[in-house]
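K.L.:
Protein chains in written order, with my numbering: chain A, 155 to 239; chain B, 11 to 259. All C-beta atoms in this analysis are idealised placements derived from N, C-alpha and C, irrespective of residue type, glycine included. Just dropping this structure here.
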């Protein structure tokens with residue numbers, strides 16, 4: 155007997171949680187970084203270029219975490235390793 | 011959308027051999043193509059190079075080299091660590107690997123977890139080699155246990171530090187791998203979702219965004235490698251932390 159249906163259903167719930175919570179955390183992180191960059195640019199407009207460079211690197215590092223979550227979610231969706239053939 | 015409609019091309023790598031020694035054929039082929047492109051571009055640009063009056067491609071390459079050289083100088087200061095050539099090579103390989111997956115029919119070598127783990131192990135191995143060279147073998151082992159004054163805290167923090175050394179290569183590898191993998195898989199998903207309109211969306215938005223992500227991720231990989239090397243060879247920092255009677259100045 156296999157319970158592939160149950161596994162697929164739970165995987166769908168897991169995919170929703172992975173993408174949603176990942177996006178939530180990364181959104182908060184991106185917001186914090188961007189707000190500080192806006193503050194810094196307002197205070198010191200001549201530092202805009204270097205601040206933007208640092209911001210892209212920081213945002214890239216932050217965005218890696220939800221991307222990893224989305225990657226695992228897509229694995230569950232398209233190539234579920236738990237389902238028995 | 012049915013999951014079965016999406017092409018699983020980005021997921022599956024054709025294998026040669028079995029088990030642990032299996033070779034991912036497409037990854038090996040595309041890595042060789044990327045390496046060949048890099049060598050050819052290098053040779054051609056070197057032959058055409060005009061000092062003081064750079065042409066188009068030479069200008070572009072000099073911009074990248076200058077940016078990475080500036081990063082190395084800024085991070086490592088005047089420490090005698092010759093890392094620039096290897097770091098530029100890593101950047102060029104990763105960037106071109108990220109780009110080649112956007113051409114139909116090709117897959118990024120970095121869309122394979124084996125490639126990124128190998129690159130990350132190489133980078134972290136470099137960190138340890140330079141660390142041993144800068145501190146000496148005994149100083150290298152000692153610096154893990156020199157964070158705080160309290161002996162119990164030293165052992166606990168030392169264990170955490172060593173654990174962190176094992177985690178570093180995996181975060182480095184997974185960050186690069188999943189960024190590129192998700193980018194390519196979403197190309198296939200968009201193809202199914204939008205059908206006939208997908209070339210417009212892909213061409214106008216997703217592929218330029220993927221080029222940007224590829225550049226940023228290559229740069230982040232290299233930047234993190236450099237800053238790990240900076241941490242690993244920061245001998246002055248150790249001296250400041252360790253209270254020794256001879257260093258009273």
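For residue 244 of chain B and residue 147 of chain B, what's the separation of their Cα atoms in angstroms?
P.N.:
Roughly 15 Å between the two C-alpha positions.
K.L.:
Secondary structure at residue 240 of chain B, three-state DSSP: helix, strand or coil?
P.N.:
DSSP places residue 240 of chain B in helix when its eight states are reduced to three.
K.L.:
Can you tell me which of the three DSSP states residue 40 of chain B falls into?
P.N.:
Correct three-state label for residue 40 of chain B: helix.
K.L.:
For the region 217–235 of chain A, enumerate the residues whose C-beta is nearer than 7 Å to any C-beta of chain C, in chain order.
P.N.:
The chain inventory of the structure shown lacks chain C, comprising the protein chains A and B.
K.L.:
Taking residue 79 of chain B as part of the alpha helix (DSSP H), name the residues at either end of that continuous run.
P.N.:
Residues 66–86.
K.L.:
Classify residue 33 of chain B as helix, strand or coil using the three-state DSSP reduction.
P.N.:
Strand.
K.L.:
In chain order, what residues of the region 173–193 of chain B put their CB closer than 9 Å to some CB of chain A?
P.N.:
Within the region 173–193 of chain B, the residues whose Cβ lies closer than 9 Å to some Cβ of chain A are 181, 184, 185, 186, 187, 188, 189, 191, 192 and 193, listed in chain order.
K.L.:
Applying the 10 Å Cβ sphere with the 16-neighbour rule, what's the burial state of residue 122 of chain B?
P.N.:
Classification for residue 122 of chain B: buried.
K.L.:
Is residue 203 of chain A near the ligand ZN, with its Cβ less than 8 Å from a heavy atom?
P.N.:
In the structure shown, the ligand ZN is absent, as is every other ligand, since no ligand is present at all.
K.L.:
Could you work out which residues of chain B lie near residue 174 of chain A, taking near to mean beta carbons separated by less than 9 Å?
P.N.:
Within 9 Å Cβ-Cβ: nothing; residue 174 of chain A doesn't reach chain B, min ~16 Å.
K.L.:
Against chain A, does residue 157 of chain B count as a neighbour if the rule is that its beta carbon must be under 9 Å from one of theirs?
P.N.:
No, its Cβ sits nowhere closer than 9 Å to a Cβ of chain A.
K.L.:
Provide the residue span of the alpha helix (DSSP H) that contains residue 165 of chain B, from first to last.
P.N.:
That run of the alpha helix (DSSP H) goes 161–204.
K.L.:
Determine the direct distance from the alpha carbon of residue 221 of chain B to that of residue 111 of chain B, and round the result to whole angstroms.
P.N.:
Each residue's Cα considered, the two are about 10 Å apart.
K.L.:
Provide the residue span of the alpha helix (DSSP H) that contains residue 200 of chain A, from first to last.
P.N.:
Looking at the DSSP string, residue 200 of chain A is not in any alpha helix (DSSP H), and its letter there is neither H nor E.
K.L.:
On the three-state DSSP scale, how would you describe residue 219 of chain A?
P.N.:
Reduced to three states, the DSSP call for residue 219 of chain A is helix.
K.L.:
Along chain B, in chain order, which residues have C-beta atoms closer than 7 Å to that of residue 214 of chain A?
P.N.:
Within chain B, the residues near residue 214 of chain A are 226, 227 and 230.
K.L.:
Decide if the region 38–48 of chain B is in contact with the region 94–112 of chain B; the criterion is three or more beta carbon pairs, one per stretch, under 8 Å apart.
P.N.:
Yes, since at least three Cβ pairs between the region 38–48 of chain B and the region 94–112 of chain B fall closer than 8 Å, the two stretches touch.
K.L.:
Buried or exposed: residue 196 of chain B, going by 16 or more other Cβ atoms within 10 Å of its Cβ?
P.N.:
Residue 196 of chain B should be labelled buried.
K.L.:
For a cutoff of 9 Å on Cβ pairs, would you count residue 246 of chain A as touching chain B?
P.N.:
Outside the displayed range of chain A (155 to 239) lies residue 246 of chain A, so it cannot be described from this structure.
K.L.:
How is residue 162 of chain A classed by DSSP in three states: helix, strand or coil?
P.N.:
DSSP places residue 162 of chain A in helix when its eight states are reduced to three.
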